[in-house]
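Residue numbers (my numbering): 5 to 89.
Below you'll find the structure, written out as structure tokens, and then a few comments.
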């Protein structure tokens with residue numbers, strides 16, 4: 005079986021045809037497309053999402069997005085008691 009490189013990155017630009025420009029931690033930009041299972045499940049991605057990708061060791065300029073990482077930017081809000089009657 006062919007070896008793949010698993011990397012994480014951040015979506016920087018959304019392109020037509022379910023293509024994305026993704027920035028790797030080393031500031032390199034790659035062109036990525038969505039894996040078939042993500043397309044089938046209608047997983048949406050926007051600029052700023054962190055993603056896991058698979059890359060071929062033969063072409064390091066292209067990748068396949070296989071997972072969208074959750075982003076916990078804001079802590080959960082505490083509920084205030086409702087004193088209205």
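Note that the Cβ used here is the ideal one computed from N, Cα and C, for glycine as well.
Checklist entry - Between the beta-carbon of residue 73 and the beta-carbon of residue 55, is there less than 8 Å? => result Along the chain shown, read from residue 1 onward, the residue named residue 73 stands at position 69. Along the chain shown, read from residue 1 onward, the residue named residue 55 stands at position 51. Contact: yes.
Item to check | Cα-Cα separation between residue 49 and residue 6, rounded to whole angstroms | outcome: In the chain shown, residue 49 corresponds to position 45, counting from 1. In the chain shown, residue 6 corresponds to position 2, counting from 1. Between residue 49 and residue 6, the C-alpha separation is close to 27 Å.
Item to check | Rounded Cβ spacing between residue 8 and residue 65 (contact assumed at less than 8 Å) | outcome: For this step, residue 8 is matched to residue 4 along the chain shown. For this step, residue 65 is matched to residue 61 along the chain shown. Actually they are not in contact, since the Cβ atoms of residue 8 and residue 65 sit about 15 Å apart, beyond 8 Å.
Item to check | Chain-order list of residues whose beta-carbon lies under 7 Å from that of residue 39 (same chain, five-residue window excluded) | outcome: In the chain shown, residue 39 corresponds to position 35, counting from 1. The answer, listed in chain order, is 68, 69 and 70.
Item to check | Nearest-angstrom Cα separation, counted from residue 21 out to residue 37 | outcome: Stepping through the chain shown from its first residue, residue 37 is reached at position 33. Stepping through the chain shown from its first residue, residue 21 is reached at position 17. Residue 37 and residue 21: Cα-Cα distance of roughly 8 Å.
Item to check | Straight-line gap, residue 58 to residue 34 (C-alpha atoms, nearest Å) | outcome: Within the chain shown, numbered from 1, the residue matching residue 58 stands at position 54. Within the chain shown, numbered from 1, the residue matching residue 34 stands at position 30. When rounded, the distance between both Cα atoms is 11 Å.
Next on the checklist: Between the alpha carbons of residue 32 and residue 43, how many angstroms are there, rounded?
Outcome noted: Locating residue 32 in the chain shown gives position 28, counting from the first residue. Locating residue 43 in the chain shown gives position 39, counting from the first residue. If I take the Cα positions, the gap works out to 25 Å.
Item to check | Distance, residue 19 Cα to residue 26 Cα | outcome: Within the chain shown, the letter at position 22 stands for residue 26. Within the chain shown, the letter at position 15 stands for residue 19. Answer to the nearest angstrom: the Cα atoms are 11 Å apart.
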